[in-house]
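Student: Here the protein sequences come in this chain order: H and X. Per this note's numbering, the first sequence starts with residue 4, numbered consecutively. Per this note's numbering, the second sequence starts with residue 2, numbered consecutively. From the three backbone atoms N, C-alpha and C, an ideal C-beta is built for every residue, glycine too. I have a structure I would like to understand better, so I am pasting it below and will then ask my questions one at a time.
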Amino acid sequence: DQQVKQNSPSLSVQEGRISILNCDYTNSMFDYFLWYKKYPAEGPTFLISISSIKDKNEDGRFTVFLNKSAKHLSLHIVPSQPGDSAVYFCALHRMEYGNKLVFGAGTILRVKS
Amino acid sequence: NAGVTQTPKFQVLKTGQSMTLQCAQDMNHNSMYWYRQDPGMGLRLIYYSASEGTTDKGEVPNGYNVSRLNKREFSLRLESAAPSQTSVYFCATLNDRPYYGYTFGSGTRLTVV
């Protein structure tokens, strides 16, 4: 039972353009939705999150959108920079799961200069 | 302030050998987690500990054991390593506010031959 899906294994974007990463989920009981960024040979690092009571959260070049009716989460990066090239994981939190995060499979983002 | 420290960073085992992956945190967080990352599979939870003295199984616990030695340390043991356990292992702690998710260690890359 795959609760979280990132259907695009990879994405290639030109520097300066917008990168859009997507995540779909099946269970409507999650309360926080997070994005992590991972460089090779490093652990994932927290990027941005959104509460289930909101539909948008912005932090500099990064904006997360939540569409609860469609059970869809997206991350927008504008403008994209070569240093954004990494693997991006969406992660969903639900208190009843014992504070565990459920992760998507990840999307490899490559920003070309 | 080291955050979450994992040792070793790399390890090669022969099938049937045992080893313990170590994790220590200096953030005074209660909850700690062990995940494995495999290509195309995202991060899957092996075991977690909601507080000192408690441990629970995650999504893929078979072949592993854990010990929450004290509030700082959470170790993962492979009693009889198998090639299917070749993976990158991450330890994580839960931040005080779930909105910020986990802080991860830098990972242990394990190869079982």
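How long is the line joining the alpha carbons of X:Q7 and H:G86, rounded to whole angstroms?
Tutor: As a first step, residue 7 of chain X must be located in the second sequence, where it is residue number 6. As a first step, residue 86 of chain H must be located in the first sequence, where it is residue number 83. In a straight line, the C-alpha of X:Q7 is about 25 Å away from that of H:G86.
Student: Give the residues from the region 99 to 114 of chain H that approach chain X closer than 7 Å (Cβ to any Cβ), ordered along the chain.
Tutor: Cβ contacts with chain X: G101, N102, K103, L104, F106, G107, A108 and G109.
Student: I believe X:G43 touches H:A73 by the beta-carbon criterion, under 8 Å. Please report the beta-carbon distance rounded to the nearest angstrom.
Tutor: Position 42 of the second sequence, counted from the first residue, corresponds to residue 43 of chain X. Position 70 of the first sequence, counted from the first residue, corresponds to residue 73 of chain H. With a Cβ gap of about 21 Å, X:G43 and H:A73 do not count as contacting.
Student: Looking at C-beta atoms only, is the number of pairs between the region 72 to 90 of chain X and the region 14 to 33 of chain X that lie closer than 8 Å three or more?
Tutor: Because the criterion of three Cβ pairs below 8 Å is met, the region 72 to 90 of chain X and the region 14 to 33 of chain X touch.
Student: Below 7 Å on C-beta distance, what does H:F49 contact in chain X?
Tutor: Taking the first sequence and counting its residues from 1, one reaches residue 49 of chain H at position 46. Per Cβ cutoff of 7 Å: Y101 and G102.
Student: Just checking: is the beta-carbon of X:F75 within a distance shorter than 8 Å of some beta-carbon in chain H?
Tutor: Taking the second sequence and counting its residues from 1, the one referred to as residue 75 of chain X is at position 74. No, X:F75 lies away from the interface with chain H (no Cβ there is under 8 Å from its Cβ).
Student: Residues of chain H with a CB under 7 Å from the CB of X:G54: which are they?
Tutor: Mapped onto the second sequence, residue 54 of chain X falls at position 53. Within chain H, no residue comes near X:G54; the closest Cβ sits about 15 Å away, beyond 7 Å.
Student: Let me check one thing: in DSSP terms, what residues is X:M20 bridge-paired to?
Tutor: For the purposes of this step, residue 20 of chain X is identified with residue 19 of the second sequence, where counting begins at 1. X:L79, per the DSSP bridge assignment.
Student: What are the start and end residues of the beta strand (DSSP E) that includes H:H79?
Tutor: What you label residue 79 of chain H is simply residue 76 of the first sequence in a count that begins at 1. Here the beta strand (DSSP E) through H:H79 covers H75 to I80.
Student: With DSSP as the reference, please indicate the residues paired to H:V105 in a beta bridge.
Tutor: Here residue 105 of chain H refers to the residue found at position 102 of the first sequence. Note: H:V105 sits in a beta bridge opposite H:L95.
Student: In chain order, what residues of the same chain lie with their CB nearer than 8 Å to the CB of X:T87, ignoring the 5 residues before and after it?
Tutor: For the purposes of this step, residue 87 of chain X is taken as residue 86 along the second sequence, with counting starting at 1. Excluding positions up to five away in sequence, the list reads L111, T112 and V113.
Student: Can you check whether the C-beta of X:Y48 is within less than 8 Å of a C-beta belonging to chain H?
Tutor: Counting from 1 along the second sequence, the entry for residue 48 of chain X is found at position 47. Taking Cβ atoms only, chain H never reaches closer than 8 Å to X:Y48, which makes this a no.
Student: Would H:S54 and H:Y35 qualify as a contact pair, given that the criterion is a beta-carbon distance under 8 Å?
Tutor: Locating residue 54 of chain H in the first sequence gives position 51, counting from the first residue. Locating residue 35 of chain H in the first sequence gives position 32, counting from the first residue. Yes, they are a contact pair.
Student: Which residues in chain H sit within 9 Å of X:S88, going by Cβ to Cβ distance?
Tutor: One-based indexing of the second sequence puts residue 88 of chain X at position 87. Result: empty, since nearest Cβ-Cβ is about 14 Å, beyond 9 Å.
Student: Look at the alpha carbon of H:L50 and the alpha carbon of X:S107, and state the distance between them as a whole number of angstroms.
Tutor: Here residue 50 of chain H refers to the residue found at position 47 of the first sequence. Here residue 107 of chain X refers to the residue found at position 106 of the second sequence. For H:L50 and X:S107, the distance between alpha carbons rounds to 16 Å.
Student: Just verifying my parser: in three-state terms, what is the DSSP assignment at H:S88?
Tutor: One-based indexing of the first sequence puts residue 88 of chain H at position 85. Coil, per DSSP.
Student: State the DSSP-derived secondary structure class of X:L86, mapped to helix, strand or coil.
Tutor: Start at 1 with the first residue of the second sequence, and residue 86 of chain X comes out as number 85. One point to set straight first is that residue 86 of chain X is Gln, not Leu, in the sequence displayed. Note: X:Q86 maps to helix in three-state DSSP.
Student: Please check if any C-beta of chain H sits within less than 8 Å of the C-beta of X:M42.
Tutor: What you label residue 42 of chain X is simply residue 41 of the second sequence in a count that begins at 1. It does; some Cβ of chain H falls within 8 Å.
Student: How is the beta strand (DSSP E) around X:Y114 delimited, first residue to last?
Tutor: As a working mapping, residue 114 of chain X is identified with position 113 in the second sequence. The sequence shown places Val at residue 114 of chain X, rather than the Tyr named in the question. Taken as a continuous stretch (DSSP letters only), X:V114 belongs to no beta strand (DSSP E), as it is neither H nor E.
Student: Residues in its own chain within less than 7 Å of X:P9 by CB, not counting five upstream and five downstream?
Tutor: As a first step, residue 9 of chain X is located in the second sequence; it is residue number 8 there, counting from the start. The residues are T109.
Student: Can you give, in chain order, each stretch of the alpha helix (DSSP H) that sits fully within the region 21 to 70 of chain H and has at least 4 residues?
Tutor: You should have found no qualifying run.
Student: Which value, in whole angstroms, describes the spacing of the CA atoms of X:Q18 and X:S85?
Tutor: By one-based count along the second sequence, residue 18 of chain X stands at place 17. By one-based count along the second sequence, residue 85 of chain X stands at place 84. Cα to Cα, X:Q18 sits roughly 13 Å from X:S85.
Student: Applying a beta-carbon distance threshold of less than 9 Å, which residues of chain H neighbour X:S107?
Tutor: Taking the first residue of the second sequence as 1, we reach residue 107 of chain X at position 106. Within 9 Å Cβ-Cβ: A44, E45 and G46.
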